[in-house]
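K.L.:
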Amino acid sequence: MRKLLPLIGTPARSHPGGRSAMTCRFRCGDACFHEVPNTSGNPYAGEVIAGAINRRAMVRAAAVVSVAAATAGTLGAGAAPAAAAPAGTSGKPSGKPGGKPAAKGARGLRYSSVAPNTADAVTVPDGYAQNVVIRWGEPILRGAPAFDPEHQTAAAQAGQFGYNNDFLALLPLPGECDRQLLVANHEYTDEVLMFRGYDPANPTRQQVEVAWAAHGLGVVVVEEDRRTGRLTAVPRHHLNRRVTATTEFRLTGPAAGSGLLKTSADPTGTKVLGTLNNCSGGTTPWGTTLHGEENFNQYFANGGRATDKRYGIGTGATERKWERFDERFDVAREPNEVHRFGYVVELDPYDPASTPRKHTALGRFKHEAATVRLTDDGRPVVYSGDDERFDYFYKFVGSKRMRKGSGRAVREHNLSLLDEGTLYVARLTGDSPALEIDGTGKLPADGEFDGSGEWIPLATATAKGAVSHVEGMSAEEVFVFTRLAGDKAGATKMDRPEDIQPSPVTGKVYVALTNNTNRGVGANAKADEANPRNANKHGHILELTERRGRPESTSFAWSLFLVAGDPDDPATYFAGFPKDDVSPISCPDNVAFDPHGNLWISTDGSQLGSHDGLFGVATRGSRRGELKQFLTVPTGAETCGPVIQDRRVLVAVQHPGEVDGATVDKPASTWPDGPGKIVRPAVVAVWRKDGRDIGV
Numbered sequence: 004m005r006k007l008l009p010l011i012g013t014p015a016r017s018h019p020g021g022r023s024a025m026t027c028r029f030r031c032g033d034a035c036f037h038e039v040p041n042t043s044g045n046p047y048a049g050e051v052i053a054g055a056i057n058r059r060a061m062v063r064a065a066a067v068v069s070v071a072a073a074t075a076g077t078l079g080a081g082a083a084p085a086a087a088a089p090a091g092t093s094g095k096p097s098g099k100p101g102g103k104p105a106a107k108g109a110r111g112l113r114y115s116s117v118a119p120n121t122a123d124a125v126t127v128p129d130g131y132a133q134n135v136v137i138r139w140g141e142p143i144l145r146g147a148p149a150f151d152p153e154h155q156t157a158a159a160q161a162g163q164f165g166y167n168n169d170f171l172a173l174l175p176l177p178g179e180c181d182r183q184l185l186v187a188n189h190e191y192t193d194e195v196l197m198f199r200g201y202d203p204a205n206p207t208r209q210q211v212e213v214a215w216a217a218h219g220l221g222v223v224v225v226e227e228d229r230r231t232g233r234l235t236a237v238p239r240h241h242l243n244r245r246v247t248a249t250t251e252f253r254l255t256g257p258a259a260g261s262g263l264l265k266t267s268a269d270p271t272g273t274k275v276l277g278t279l280n281n282c283s284g285g286t287t288p289w290g291t292t293l294h295g296e297e298n299f300n301q302y303f304a305n306g307g308r309a310t311d312k313r314y315g316i317g318t319g320a321t322e323r324k325w326e327r328f329d330e331r332f333d334v335a336r337e338p339n340e341v342h343r344f345g346y347v348v349e350l351d352p353y354d355p356a357s358t359p360r361k362h363t364a365l366g367r368f369k370h371e372a373a374t375v376r377l378t379d380d381g382r383p384v385v386y387s388g389d390d391e392r393f394d395y396f397y398k399f400v401g402s403k404r405m406r407k408g409s410g411r412a413v414r415e416h417n418l419s420l421l422d423e424g425t426l427y428v429a430r431l432t433g434d435s436p437a438l439e440i441d442g443t444g445k446l447p448a449d450g451e452f453d454g455s456g457e458w459i460p461l462a463t464a465t466a467k468g469a470v471s472h473v474e475g476m477s478a479e480e481v482f483v484f485t486r487l488a489g490d491k492a493g494a495t496k497m498d499r500p501e502d503i504q505p506s507p508v509t510g511k512v513y514v515a516l517t518n519n520t521n522r523g524v525g526a527n528a529k530a531d532e533a534n535p536r537n538a539n540k541h542g543h544i545l546e547l548t549e550r551r552g553r554p555e556s557t558s559f560a561w562s563l564f565l566v567a568g569d570p571d572d573p574a575t576y577f578a579g580f581p582k583d584d585v586s587p588i589s590c591p592d593n594v595a596f597d598p599h600g601n602l603w604i605s606t607d608g609s610q611l612g613s614h615d616g617l618f619g620v621a622t623r624g625s626r627r628g629e630l631k632q633f634l635t636v637p638t639g640a641e642t643c644g645p646v647i648q649d650r651r652v653l654v655a656v657q658h659p660g661e662v663d664g665a666t667v668d669k670p671a672s673t674w675p676d677g678p679g680k681i682v683r684p685a686v687v688a689v690w691r692k693d694g695r696d697i698g699v
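In our numbering, each residue carries its 1-based index in the sequence shown increased by 3.
So this is what it looks like as structure tokens:
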């Protein structure tokens with residue numbers, strides 16, 4: 004059996020979902036240790052996939068070959084883990100003794116797989132090079148000072164690249180040769196890794212204000228060196244911008260102006276300061292970027308209402324203690340402020356003077372992402388997952404058509420496209436009798452694993468007003484308390500729905516479900532015919548096909564595409580591809596497509612003993628399901644925001660060094676600048692040394 008690598012020099016990850024205690028504290032407010040917010044009786048999608056895993060494993064039993072021999076060639080039987088590979092190199096690829104570049108693979112995936120490892124480095128395939136594009140703290144605005152972690156101020160940070168970069172977008176920059184526009188999310192802050200001697204019980208005002216300025220969004224022009232492939236930031240460009248936790252936003256759509264959104268500071272219910280915990284996002288066909296506010300609940304103290312509990316808002320103080328410095332973060336004092344977070348944010352990166360918008364029509368929940376496709380008649384369809392155990396995934400179908408052009412009137416029209424339309428939530432159904440699904444993964448009598456699904460309408464917004472489709476809830480309540488609307492509508496509980504991406508080639512939609520170790524535990528939802536394994540620690544990916552291939556359809560077919568884990572585990576599945584020739588993968592998070600139609604998957608919290616990484620997998624053709632690891636990230640880091648271009652891969656290395664017990668004085672990682680330097684989240688570009696396209 005494949006010998007998986009233990010972590011070297013770091014504590015074992017024992018927290019739910021493979022995260023360290025530090026990650027749970029600073030990223031999601033210990034969500035895994037709170038009571039599951041969704042206590043509805045809605046069905047759970049796990050056991051359907053469990054049945055499929057076993058059924059398909061039986062069908063392909065002859066093709067499932069142990070890779071023990073290949074692993075022995077890398078580590079040796081009972082041998083110690085391999086030494087850390089230096090940045091810019093790779094270990095021997097899984098299943099490929101000798102580490103030679105792979106000659107086979109789907110077009111776009113013809114690279115030598117990187118072996119699982121625990122190197123404190125970004126490890127890339129043989130024949131590839133890399134560079135750090137931009138780090139936390141690098142000045143991007145005019146007048147911003149050089150980074151000085153020992154004397155950081157809020158004013159300095161507001162002009163510098165923010166912390167914990169997640170979602171990335173690279174947009175064209177017409178008229179500027181070899182330049183593009185990089186947009187990044189700055190999800191959250193790790194104060195213990197930012198400030199020397201940080202006292203979690205008594206943060207200072209200066210530390211809190213620096214953290215406010217380190218959150219939000221970043222826009223920075225980047226420039227390519229044609230000779231080497233390097234990508235570097237262009238400081239002080241007029242399009243560079245920082246959006247922080249104190250930037251003014253405009254609330255738009257059907258809930259804007261609602262009494263549920265009015266506060267003492269904003270009696271109109273239309274203006275809000277800041278955006279928080281922006282995880283993944285998307286780009287729009289009209290040239291803007293979308294950013295999902297995810298674990299916003301952790302910033303708000305002293306919640307006590309049923310709606311607070313459903314959103315995971317605690318009853319006591321917060322980890323960061325922001326409520327001590329701004330009462331808007333205290334629910335007891337400002338009960339509606341929390342209702343102004345948890346939306347999809349839209350930013351116009353080409354206009355640094357524009358006011359970003361929060362679109363209430365897309366619902367309020369822990370948005371992991373917001374990805375857009377157009378109907379045949381030009382209306383936007385937006386997919387988004389609610390990243391919580393046992394929560395749902397959603398679709399918004401707009402009613403207004405996109406206009407082409409670049410004039411101001413066209414721009415304003417397109418910026419309103421996400422304010423009118425219908426919000427839906429997904430319900431998945433299996434095709435076998437319930438009695439045949441016992442939670443053990445036993446095959447149903449039909450020997451097939453295909454299901455159907457429907458998009459249940461929750462509310463519709465128009466220029467004249469909004470209508471609720473959920474009994475007992477007004478339209479405003481649906482858009483502000485969307486989770487409760489999903490509960491009432493009978494949506495299917497999922498295992499942390501994260502990024503959702505429609506294929507630009509086939510139109511099929513892929514849903515990353517990271518994990519759910521609480522499945523089937525205690526009083527939590529048991530197996531039914533639409534979700535994977537009990538104590539699901541590795542996650543899986545669903546493939547959806549909208550009826551007639553039309554994104555506005557209200558029904559779909561669904562099937563299992565990938566069930567993550569060690570390929571030697573019979574409970575794993577790689578779209579039917581022989582498992583002796585795939586990389587191990589755990590905890591899929593962000594997904595993206597390359598120009599060839601391959602799906603690229605970044606991971607968060609791998610449970611296989613190796614560091615997180617980026618993987619490419621073919622979604623069609625004879626090599627469908629062939630999954631190959633492209634890179635790994637440093638100690639304690641998560642792989643985020645993949646952008647896959649013809650000749651470049653871009654990743655956000657988020658929270659490097661985020662290991663229990665780590666501090667500025669006792670770092671667990673020295674990436675990216677080496678010993679003696681503070682650990683810094685950063686964006687990394689990877690390219691082929693010979694200048695050719697990625698993976699061809």
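For every residue, glycine included, the Cβ atom is placed at its ideal position computed from N, Cα and C.
Straight-line CA distance for Pro359 to Pro175?
P.N.:
On the sequence shown, position 356 is the one that residue 359 refers to. On the sequence shown, position 172 is the one that residue 175 refers to. So the alpha carbons of these two residues sit roughly 20 Å apart.
K.L.:
Below 6 Å CB to CB, which residues in the same chain sit around Arg486 once its five sequence neighbours on both sides are set aside?
P.N.:
Against the sequence shown, residue 486 aligns to sequence position 483. Taken in chain order, the residues that qualify are Arg313, Phe368.
K.L.:
What first and last residue would you give for the beta strand (DSSP E) that runs through Thr374?
P.N.:
Along the sequence shown, one-based indexing puts residue 374 at 371. From DSSP, the beta strand (DSSP E) with Thr374 extends over 374-377.
K.L.:
Compare the Cα-Cα distances from Val117 to each of Arg229, Val656, Phe633 and report the closest residue.
P.N.:
By 1-based counting over the sequence shown, the position of residue 117 is 114. Residue Phe633 is the option with its Cα nearest to Val117.
K.L.:
State the Cα-Cα distance for the pair Ala88 and Thr642, rounded to the nearest angstrom.
P.N.:
One-based indexing of the sequence shown puts residue 88 at position 85. One-based indexing of the sequence shown puts residue 642 at position 639. With a pLDDT of 36 at Ala88, under the threshold of 50, the modelled position of that residue is not reliable, and no figure is offered here.
K.L.:
For Ala560, which beta-bridge partners are listed by DSSP?
P.N.:
Looking up residue 560 in the sequence shown gives position 557. Note: Ala560 sits in a beta bridge opposite Ser455, Thr548.
K.L.:
Just to confirm, is the Cβ distance from Glu457 to Thr557 under 8 Å?
P.N.:
Locating residue 457 in the sequence shown gives position 454, counting from the first residue. Locating residue 557 in the sequence shown gives position 554, counting from the first residue. Against a cut-off of 8 Å, the Cβ pair of Thr557 and Glu457 comes out as a contact.
K.L.:
Assign Thr321 to one of two classes, buried (16 or more other C-beta atoms within 10 Å of its C-beta) or exposed (fewer than that).
P.N.:
Here residue 321 refers to the residue found at position 318 of the sequence shown. Counting Cβ neighbours within 10 Å, Thr321 comes out buried, since at least 16 surround it.
K.L.:
At 3 residues or longer, what runs of the beta strand (DSSP E) sit wholly inside the segment 601-681?
P.N.:
602-606, 616-620, 630-635, 641-647, 652-657
K.L.:
Quick one: what's got a C-beta closer than 7 Å to Ser477's C-beta in the same chain, skipping five residues either side?
P.N.:
Residue numbering aside, residue 477 sits at position 474 when the sequence shown is read from its first letter. Taken in chain order, the residues that qualify are Ser471.
K.L.:
Would you kindly work out how many angstroms separate the C-alpha atoms of Ile681 and Val275, rounded to a whole number?
P.N.:
Here residue 681 corresponds to residue number 678 of the sequence shown, with the count starting at 1. Here residue 275 corresponds to residue number 272 of the sequence shown, with the count starting at 1. Rounded to whole angstroms, Ile681 to Val275 spans 33 Å at the Cα level.
K.L.:
For Gly628 and Pro637, what's the separation of their Cα atoms in angstroms?
P.N.:
The sequence position of residue 628 within the sequence shown is 625, counting from 1. The sequence position of residue 637 within the sequence shown is 634, counting from 1. Roughly 27 Å separates the two Cα atoms.
K.L.:
So, with DSSP's three-state summary, where would you put Val117?
P.N.:
The residue labelled residue 117 in the question sits at position 114 within the sequence shown. Looking at Val117 - three-state DSSP - the assignment turns out to be coil, as it is neither helix nor strand.
K.L.:
Which stretch, first to last residue, makes up the alpha helix (DSSP H) that contains Gly489?
P.N.:
Taking the first residue of the sequence shown as 1, we reach residue 489 at position 486. Segment 485-492, the alpha helix (DSSP H) holding Gly489.
K.L.:
Which word fits Asn205, buried or exposed, when buried means at least 16 other C-beta atoms lie within 10 angstroms of its C-beta?
P.N.:
Here residue 205 refers to the residue found at position 202 when the sequence shown is read from its first residue. Answer is exposed; the Cβ neighbour count stays below 16.
K.L.:
Using 8 Å for Cβ pairs, my map puts Ile459 next to Ala494. What's the rounded Cβ distance?
P.N.:
For the purposes of this step, residue 459 is identified with residue 456 of the sequence shown, where counting begins at 1. For the purposes of this step, residue 494 is identified with residue 491 of the sequence shown, where counting begins at 1. Correct: roughly 7 Å between the Cβ atoms.
K.L.:
Tell me which same chain residues have a C-beta within less than 8 Å of the C-beta of Ala703, skipping the five on either side of it?
P.N.:
Outside the modelled stretch of the chain, which goes from 4 to 699, sits residue 703, for which no answer is possible.
K.L.:
Straight-line CA distance for Phe618 to Thr286?
P.N.:
Walking along the sequence shown from the start, residue 618 turns up at place 615. Walking along the sequence shown from the start, residue 286 turns up at place 283. Using only the alpha carbons, I get a separation of about 21 Å.
K.L.:
List the whole-angstrom C-beta distance separating Asp711 from Gln657, where the pair is believed to meet the contact cut-off of C-beta under 8 Å.
P.N.:
Residue 711 lies beyond the residue range present for the chain, which begins at 4 and ends at 699; the question has no answer from this structure.
K.L.:
Suppose only complete runs of 3+ residues qualify. What are the beta strand (DSSP E) ranges in the segment 569-598, listed by chain order?
P.N.:
591-596
K.L.:
Express the C-alpha separation of Pro270 and Gln610 in angstroms, rounding to a whole number.
P.N.:
Against the sequence shown, residue 610 aligns to sequence position 607. Against the sequence shown, residue 270 aligns to sequence position 267. Straight-line Cα distance between these residues: approximately 47 Å.
K.L.:
Here's the rule: buried if 16 or more other CB atoms are within 10 angstroms of the residue's CB, otherwise exposed. What is Cys180?
P.N.:
One-based indexing of the sequence shown puts residue 180 at position 177. By the neighbour-count rule (16 or more Cβ atoms within 10 Å), Cys180 is not buried but exposed.
K.L.:
Can you tell me the Cβ-Cβ gap for Leu418 and Asp351, rounded? I've got them flagged as a contact below 8 Å.
P.N.:
Indexing the sequence shown from 1 puts residue 418 at position 415. Indexing the sequence shown from 1 puts residue 351 at position 348. Confirmed, about 7 Å.
K.L.:
Spatial neighbours of Asp490 within its chain, please: C-beta separation below 6 Å, excluding the five flanking residues on both sides.
P.N.:
On the sequence shown, position 487 is the one that residue 490 refers to. Cβ neighbours of Asp490 beyond the five flanking positions: Ser43.
K.L.:
Tell me which residues share the same chain as Ala64 and place their Cβ nearer than 8 Å to its Cβ, disregarding the 5 neighbours each side in the sequence.
P.N.:
The residue given as residue 64 occupies position 61 in the sequence shown. Low confidence applies here, because Ala64 scores a pLDDT of 35, under 50, leaving its location unreliable and the question unanswered by this model.
K.L.:
Is it buried or exposed for Ala595, if we count other Cβ within 10 angstroms and need 16 for buried?
P.N.:
For the purposes of this step, residue 595 is taken as residue 592 along the sequence shown, with counting starting at 1. Ala595 should be labelled buried.
K.L.:
If Asp193 and Glu371 are in contact, beta carbons under 8 Å, what's the gap, nearest whole angstrom?
P.N.:
For the purposes of this step, residue 193 is taken as residue 190 along the sequence shown, with counting starting at 1. For the purposes of this step, residue 371 is taken as residue 368 along the sequence shown, with counting starting at 1. At roughly 20 Å, the Cβ-Cβ gap does not stay under 8 Å, so Asp193 and Glu371 are not in contact.
K.L.:
Among the candidates Pro659, Ala159, Trp690, Glu297, whose CA atom is the shortest distance from the CA of Glu227?
P.N.:
On the sequence shown, residue 227 is found 224 positions in, with the first residue counted as 1. Of Pro659, Ala159, Trp690, Glu297, the residue nearest in Cα terms is Trp690.
K.L.:
Distance, Cα to Cα, Arg197 vs Glu153?
P.N.:
As a working mapping, residue 197 is identified with position 194 in the sequence shown. As a working mapping, residue 153 is identified with position 150 in the sequence shown. Checking the displayed sequence, the identity of residue 197 turns out to be Met instead of Arg. Straight across, the Cα-Cα distance linking Met197 with Glu153 is about 9 Å.
K.L.:
Can you give me the C-alpha to C-alpha distance between Lys692 and Arg113, rounded to a whole angstrom?
P.N.:
On the sequence shown, residue 692 is found 689 positions in, with the first residue counted as 1. On the sequence shown, residue 113 is found 110 positions in, with the first residue counted as 1. One C-alpha to the other measures close to 14 Å.
K.L.:
Classify Ala157 as helix, strand or coil using the three-state DSSP reduction.
P.N.:
Along the sequence shown, one-based indexing puts residue 157 at 154. In this structure, Ala157 counts as helix in the three-state DSSP scheme.
K.L.:
Which of helix, strand or coil does DSSP assign to Phe252?
P.N.:
The residue you call residue 252 lines up with position 249 of the sequence shown. Correct three-state label for Phe252: strand.
K.L.:
Closest by CA to Phe299, which one among Trp289, Ala364, Gly219?
P.N.:
If you number the sequence shown from 1, residue 299 lands on position 296. Comparing alpha-carbon positions, the option among Trp289, Ala364, Gly219 lying closest to Phe299 turns out to be Gly219.
K.L.:
Taking a contact to mean a Cβ-Cβ separation below 8 Å, would you say Tyr395 touches Leu426 in this structure?
P.N.:
Numbered from its first residue, the sequence shown carries residue 395 at position 392. Numbered from its first residue, the sequence shown carries residue 426 at position 423. Pairing Tyr395 with Leu426 gives a Cβ-Cβ distance that is not under 8 Å.
K.L.:
Return the CA-CA distance between Lys445 and Pro436, expressed in angstroms with no decimal places.
P.N.:
The count along the sequence shown starts at 1 and reaches residue 445 at position 442. The count along the sequence shown starts at 1 and reaches residue 436 at position 433. Residue placement at Lys445 is poorly supported in this model, since its pLDDT is 46, which falls under 50; the coordinates are not used for a value here.
K.L.:
Taking C-beta to C-beta, are Trp215 and Ala248 nearer than 8 Å?
P.N.:
Translated into the one-based positions of the sequence shown, residue 215 becomes position 212. Translated into the one-based positions of the sequence shown, residue 248 becomes position 245. Contact: yes.
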